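Asks:
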Amino acid sequence: MTKRSSPASIVFGGVFNVKESTPLAFFQREGEEPRESRRCMGEWREREGTLSFLLVVLLCLSTLPLVQAQSGTVLIDEPSFGLTNTTTFFGSELEFTVELHEGAGQSANVSVETAVLSLEGAVHSNQSLSVPQLSANEVRNITISLSNMPLGYSEVVVTLLGDVGVNSTTQQTSISRTVQQLRPLSISFAGESSVTAQGVDAQGLSTSNLTVHDGDFLRVEFPLVNDGDVDWNGTVSFHLRDANGQEASNESNASVLATTSEVFSFSPSLAMVEGQLTWWLNLTGNLVGADGVHQLNGTIDIQPPPLPHLEGELSSNAASVQAGQMLDLNLTLWNNATVAFNGRVVCTGGGLEVLNATMALNANSTATQSFSMIARPMTMICTLEGMRVDASSTFPMELDIEMPSAVFESAGSVSPSLNGGPWHKGDIMSANILMRNIGELDGRARLVLSVDGTSSPGAWVDMKRGSAGELTASVQVLSEGEVSVDWAIESDDGVVSGTSSGNALYSIRPQQSIQIMANGVGNDPDTGVHFTLGLHLDEGRSRDVLVRVGYETGDATVYLQEYTIELHSGLYEQQHAFGDVSAEKLVVSIEPVDWVIGPGPLMLSTNFPSEATLYRVEFAQTTNPLRPVLDDEVELQLTFLQSGPLSDATGEVWLVDAYGTILTQFESPDWDGESSVLQTVTIAWPKGSTVALKAMWDIEETVVTEEVSYTSGQTVVESTTEWPFGAMVWGLLLGLGAVLVVRLRLQQQSTRTPSQKKQVSRPSSGGSAASNPEEKREIACPECERRLRVPVSYSGSVGCPDCAHKFEVESQTTTAPEPEETTEESTEEPAQKEASAKKTSDGKIEIGCPDCQQTLRIPASYEGSVRCPACKIIFKANEGVAILE
Numbered sequence: 004m005t006k007r008s009s010p011a012s013i014v015f016g017g018v019f020n021v022k023e024s025t026p027l028a029f030f031q032r033e034g035e036e037p038r039e040s041r042r043c044m045g046e047w048r049e050r051e052g053t054l055s056f057l058l059v060v061l062l063c064l065s066t067l068p069l070v071q072a073q074s075g076t077v078l079i080d081e082p083s084f085g086l087t088n089t090t091t092f093f094g095s096e097l098e099f100t101v102e103l104h105e106g107a108g109q110s111a112n113v114s115v116e117t118a119v120l121s122l123e124g125a126v127h128s129n130q131s132l133s134v135p136q137l138s139a140n141e142v143r144n145i146t147i148s149l150s151n152m153p154l155g156y157s158e159v160v161v162t163l164l165g166d167v168g169v170n171s172t173t174q175q176t177s178i179s180r181t182v183q184q185l186r187p188l189s190i191s192f193a194g195e196s197s198v199t200a201q202g203v204d205a206q207g208l209s210t211s212n213l214t215v216h217d218g219d220f221l222r223v224e225f226p227l228v229n230d231g232d233v234d235w236n237g238t239v240s241f242h243l244r245d246a247n248g249q250e251a252s253n254e255s256n257a258s259v260l261a262t263t264s265e266v267f268s269f270s271p272s273l274a275m276v277e278g279q280l281t282w283w284l285n286l287t288g289n290l291v292g293a294d295g296v297h298q299l300n301g302t303i304d305i306q307p308p309p310l311p312h313l314e315g316e317l318s319s320n321a322a323s324v325q326a327g328q329m330l331d332l333n334l335t336l337w338n339n340a341t342v343a344f345n346g347r348v349v350c351t352g353g354g355l356e357v358l359n360a361t362m363a364l365n366a367n368s369t370a371t372q373s374f375s376m377i378a379r380p381m382t383m384i385c386t387l388e389g390m391r392v393d394a395s396s397t398f399p400m401e402l403d404i405e406m407p408s409a410v411f412e413s414a415g416s417v418s419p420s421l422n423g424g425p426w427h428k429g430d431i432m433s434a435n436i437l438m439r440n441i442g443e444l445d446g447r448a449r450l451v452l453s454v455d456g457t458s459s460p461g462a463w464v465d466m467k468r469g470s471a472g473e474l475t476a477s478v479q480v481l482s483e484g485e486v487s488v489d490w491a492i493e494s495d496d497g498v499v500s501g502t503s504s505g506n507a508l509y510s511i512r513p514q515q516s517i518q519i520m521a522n523g524v525g526n527d528p529d530t531g532v533h534f535t536l537g538l539h540l541d542e543g544r545s546r547d548v549l550v551r552v553g554y555e556t557g558d559a560t561v562y563l564q565e566y567t568i569e570l571h572s573g574l575y576e577q578q579h580a581f582g583d584v585s586a587e588k589l590v591v592s593i594e595p596v597d598w599v600i601g602p603g604p605l606m607l608s609t610n611f612p613s614e615a616t617l618y619r620v621e622f623a624q625t626t627n628p629l630r631p632v633l634d635d636e637v638e639l640q641l642t643f644l645q646s647g648p649l650s651d652a653t654g655e656v657w658l659v660d661a662y663g664t665i666l667t668q669f670e671s672p673d674w675d676g677e678s679s680v681l682q683t684v685t686i687a688w689p690k691g692s693t694v695a696l697k698a699m700w701d702i703e704e705t706v707v708t709e710e711v712s713y714t715s716g717q718t719v720v721e722s723t724t725e726w727p728f729g730a731m732v733w734g735l736l737l738g739l740g741a742v743l744v745v746r747l748r749l750q751q752q753s754t755r756t757p758s759q760k761k762q763v764s765r766p767s768s769g770g771s772a773a774s775n776p777e778e779k780r781e782i783a784c785p786e787c788e789r790r791l792r793v794p795v796s797y798s799g800s801v802g803c804p805d806c807a808h809k810f811e812v813e814s815q816t817t818t819a820p821e822p823e824e825t826t827e828e829s830t831e832e833p834a835q836k837e838a839s840a841k842k843t844s845d846g847k848i849e850i851g852c853p854d855c856q857q858t859l860r861i862p863a864s865y866e867g868s869v870r871c872p873a874c875k876i877i878f879k880a881n882e883g884v885a886i887l888e
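So the number in this note's numbering is just where the residue sits in the sequence shown, counting from 1, plus 3.
As structure tokens, then:
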């Protein structure tokens, strides 16, 4: 059977492979040669139509399920829906859950569409969520997130699409809810313009004025606005400051409900002062994340207080008088305010004050002041003083007075010329200026100088019409440095044309002083008393001085010479000789002539050379610090003194301690004409509990010495790294000897016969140290003479506790005398005998210091504390070393 493909199959194969290969390959059988195309176009078109129909049928059949299946139903569970109609939230994002229930027992496919609408129905946003297939009877929760939610109220609609069921009372295919996005906390001051200030009185009642005036009290009101949907509570602080002070107030527990505003007010206790008041407002409390203005500041202009409003009128009889005659003036005042005026009225004209009167003018009242002066051309000006008046008052008032008179103008320089100079404090400055009368009448004028507020007018100078004259004036300068000198030209019956006043700065030097010296005072057999007088004038101008030279006796001062000389800056010297006079002191005095001398003595007295100058130096009672210790930096004050003829000699000073160590060296201070001077020096404090210091002053071939002792602030304790081997050996030998003697005595007592026991030996009253090892003797330190107590039997090295010097001592043991025989009843055993303190005939006992062995005498019955005068240690009386008999 020959395999042959049907035409349909051939066409099908050709159609689906035509894009990849030539259709001819499908019509060629295996093993055949390619056939030529023998068919016509009609056949091909018939076959192609049949194939197309078949293909369409096959495609339609492929879309039909072989078995028809039933799908599930899905609904939204309304009770568990994640939104309610009262849902509120912050921020622009909203997230909620939706619970889906499959109720048909079959799998189902759904999608969730969520729309956000305005309350008016406008769509704000829309989103769709594809839900994975739900299995039979499955309950599934899905989360829906919405972003960019609008502020305020909006409607959220959730709708199921796909395999949905039929709505019931608890399950729906679509659910809608109204939600609200809350606005965050936004508490704020409304702005500076919303802050209002009102004047009140002391009782808090309004003054009814539109502005706040000086003297009013203040009430400040301002709104606080909450634009959020959250209530606010916290503290509102108010602070103000003006020229009268500052004050702060707080309103705690302040609250503003959501979307409302509240008005707060503060009433400070300060009375207002004219000027500008600065205020600050501040919010504290619940402000985390809150928007708005939480701080605010501004200013309030405080107006002047209610003031008097004065108006006036000034008149005169200038039309009926001539220059030099009496001019009458009248001033009338009206007070058109509600406040009385209590002050002064001052009128000046021609550089003179012609009226200064106290005036009390009640509200809505009138007063008149009359006054007079010498008539001349001028401008009269009247002002009010002592109380402030309203700015709209007509004061100050002016009245021009014109009439024929003398007219003075400068005939040379337009300012006065000052004579002399340089000037010193206390000098008199003189000035002059040439003036000419060019007016229609005769008149007079004068020059006035003023320094530091003190005026000094010159004499009046009369000048006829067309004549000239010189005006002069003088003033004393009582300050130094840059001094302003004011000048003015005055006329009481004329007018000064041109510059009539001015000022200038002048450099005023300090006062000049004179130093008096008497050098080379001697007493020769031929000339008698003679000396060289020296007068030193400070730098500046030359001065005249009255000089008196003489001597002083016990009850009077005799001046032998008196003369006036002109001193120039520097030293002036002149020789003087008195001859043979019987006096005690030489006296020189000076007196300035027409000038003010500076500080310094105006008299010098000195002893005649028959008496020698004596010098001495003294230490201060205390040091600084008061109780210094070793190596402290200590300040000492020394006083250098001289008596007899005053000398200006100085010399070297050495300060040494008790061991001769130089602590410091310096030159004694200058005397500066005094008989005693102080000098403070600093030294490093030497060792020792009591430090002795010595000052040596080499002056005028004489060495002046002075000694003093100070107590240190600590007790010097002997310390050394050397071992006293000699003392240790001697102590060991003495101990062995004492033990041997005791053993021998005990053996002798045990071998005695009864007759022998009646005989015992007793040391004589002058027993040696060998029979009493506790007996001590006093020795002196070879360096500082400190007294030390050592056992009489001790031989070796001893250290001084004051100067730490070590030296050797030898024992002073002597041979004990032969013991005396006595009866047993009158003998005491040495082992039973107690050492007792040596008691003196005055009821006192002697004890030794346990530290330095110094001997002290105390009452026999005293049992308290004792202070050693040598080493300063304090110990109990019963702790002292007993001085044995």
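The beta-carbon is built from N, C-alpha and C at its ideal position, and this holds for glycine as well.
Small disclaimer: the values here were computed from a predicted structure and weren't measured.
Can at least three beta-carbon pairs, one atom from the segment 469-479 and one from the segment 515-529, be found at a separation below 8 Å?
Replies: no
Asks: For Cys350, which residues does DSSP report across the bridge?
Replies: Leu358, Cys385
Asks: Less than 8 Å between the C-beta atoms of Pro187 and Val233, yes or no?
Replies: Against a cut-off of 8 Å, the Cβ pair of Val233 and Pro187 comes out as a contact.
Asks: Which two residues bound the contiguous beta strand (DSSP E) that contains Ser83?
Replies: Neither: Ser83 is in no beta strand (DSSP E) and is coded neither H nor E.
Asks: Taking its Cβ as the centre, do 16 or more other Cβ atoms sit within 10 Å of Glu105, making it buried, or is it exposed?
Replies: buried
Asks: Does Gly429 come out as helix, strand or coil in the three-state DSSP assignment?
Replies: In the structure shown, Gly429 adopts coil according to DSSP, grouped into three states.
Asks: For Lys467, collect the residues of the same chain with a Cβ closer than 7 Å to its Cβ; drop the 5 residues on either side in sequence, then sort them by chain order.
Replies: For Lys467, where only same-chain residues beyond five positions count, the Cβ hits under 7 Å are Asn440, Asp445.
Asks: If we count the other Cβ atoms within 10 Å of its Cβ and call it buried at 16 or more, is Thr457 buried or exposed?
Replies: exposed
Asks: Anyone know if the C-beta pair for Asn253 and Trp282 falls short of 8 Å?
Replies: no
Asks: How many Å lie between Met329 and Ile384 at the Cα?
Replies: 18 Å
Asks: I need the boundaries of the beta strand (DSSP E) containing Leu658, first residue and last residue.
Replies: 655-660
Asks: Work out the CA separation of Asp430 and Gly654 for me, nearest whole Å.
Replies: 42 Å
Asks: Kindly provide the ranges of any beta strand (DSSP E) runs that are 3 or more residues long and lie completely inside the segment 167-243, ordered along the chain.
Replies: DSSP runs (the beta strand (DSSP E)) wholly in the segment 167-243: 177-185, 190-192, 199-203, 220-229.
Asks: Since Ile492 and Ala448 are thought to touch, with beta carbons under 8 Å apart, how far apart are those beta carbons, to the nearest angstrom?
Replies: 6 Å
Asks: On a CA-only basis, which of Lys697, Asp701, Leu310, Ile848 is nearest Met390? Give me that one, please.
Replies: Among Lys697, Asp701, Leu310, Ile848, the Cα nearest to that of Met390 is on Leu310.
Asks: Helix or strand or just coil, what does DSSP make of Val742?
Replies: Judged by DSSP in its simplified three-state form, Val742 adopts helix.
Asks: Out of His242, Ala521, Thr705, point me to the one whose CA is closest to Tyr575's CA.
Replies: Checking every option, the nearest Cα to that of Tyr575 belongs to Ala521.
Asks: When you compare the segment 89-108 with the segment 143-150, are there three or more beta-carbon pairs, one atom per stretch, that lie closer than 8 Å?
Replies: yes
Asks: Drop a sphere of 10 angstroms on the beta-carbon of Phe496, count the other beta-carbons inside from all chains shown, and report buried for 16 or more, exposed for fewer.
Replies: According to the sequence provided, residue 496 is Asp. The question's Phe does not apply to it. Counting Cβ neighbours within 10 Å, Asp496 comes out buried, since at least 16 surround it.
Asks: Are there 16 or more other CB atoms within 10 angstroms of the CB of Ser600, so buried, or fewer, so exposed?
Replies: Checking the sequence, you will find Ile at residue 600 rather than Ser. Ile600 should be labelled buried.
Asks: How many angstroms separate the CA atom of Ile876 from the CA atom of Asp854?
Replies: 7 Å
Asks: Count the other C-beta atoms from every protein chain shown that fall within 10 angstroms of the C-beta of Gln184, then say buried if there are 16 or more, exposed otherwise.
Replies: When all chains shown are included, Gln184 counts as buried.
Asks: Taking all protein chains shown into account, decide if Cys871 is buried (16 or more other Cβ within 10 angstroms of its Cβ) or exposed.
Replies: By the neighbour-count rule (16 or more Cβ atoms within 10 Å), Cys871 is buried.
Asks: Suppose you measure from the CA of Val590 to the CA of Leu437; what does that come to, to the nearest Å?
Replies: Computed Cα separation, rounded: 50 Å.
Asks: From which residue to which residue does the beta strand (DSSP E) around Asp588 run?
Replies: Residue identity check: residue 588 is Lys in the sequence provided, not Asp. Per DSSP, Lys588 belongs to the beta strand (DSSP E) from 588-595.
Asks: Please state whether DSSP places Ala321 in a helix, a strand or coil.
Replies: DSSP, reduced to helix, strand and coil, places Ala321 within a helical segment of the structure shown.
Asks: What does Asn422 pair with, by DSSP beta-bridge criteria?
Replies: The partner list for Asn422 (beta bridge, DSSP) reads Ser433.
Asks: Work out the CA separation of Thr609 and His539 for me, nearest whole Å.
Replies: Taking the straight line joining both Cα atoms gives about 18 Å.
Asks: Does the CB of Ala409 have a neighbour CB from chain C at under 8 Å?
Replies: Reference to chain C is not applicable here, since this structure consists of a single protein chain.
Asks: Report the start-end ranges of each beta strand (DSSP E) in the segment 662-689 that is 3 residues or longer and not cut off at the edges.
Replies: 665-670, 679-687
Asks: Quick one: using the 10 Å Cβ neighbour count with 16 as the cut-off for buried, is Asp245 buried or exposed?
Replies: buried
Asks: Going by DSSP, what residues sit across from Thr457 in a beta bridge?
Replies: Val454
Asks: From Ser477 to Ala434, what does the alpha carbon distance come to, in whole angstroms?
Replies: 6 Å
Asks: Quick test of the definition: if touching needs 3 or more C-beta pairs under 8 Å, does the segment 78-93 touch the segment 118-132?
Replies: no
Asks: If we count the other Cβ atoms within 10 Å of its Cβ and call it buried at 16 or more, is Arg755 buried or exposed?
Replies: The predicted position of Arg755 is uncertain, since its pLDDT is 49 and thus under 50; a value taken from the coordinates is nonetheless stated next. Counting other Cβ atoms within 10 Å of its Cβ, Arg755 stays below 16 and is therefore classed as exposed.
Asks: Within the same chain, show all residues whose beta-carbon is closer than 6 Å to that of Val349, passing over the 5 residues directly before and after it, in chain order.
Replies: Asn359, Thr386, Glu388
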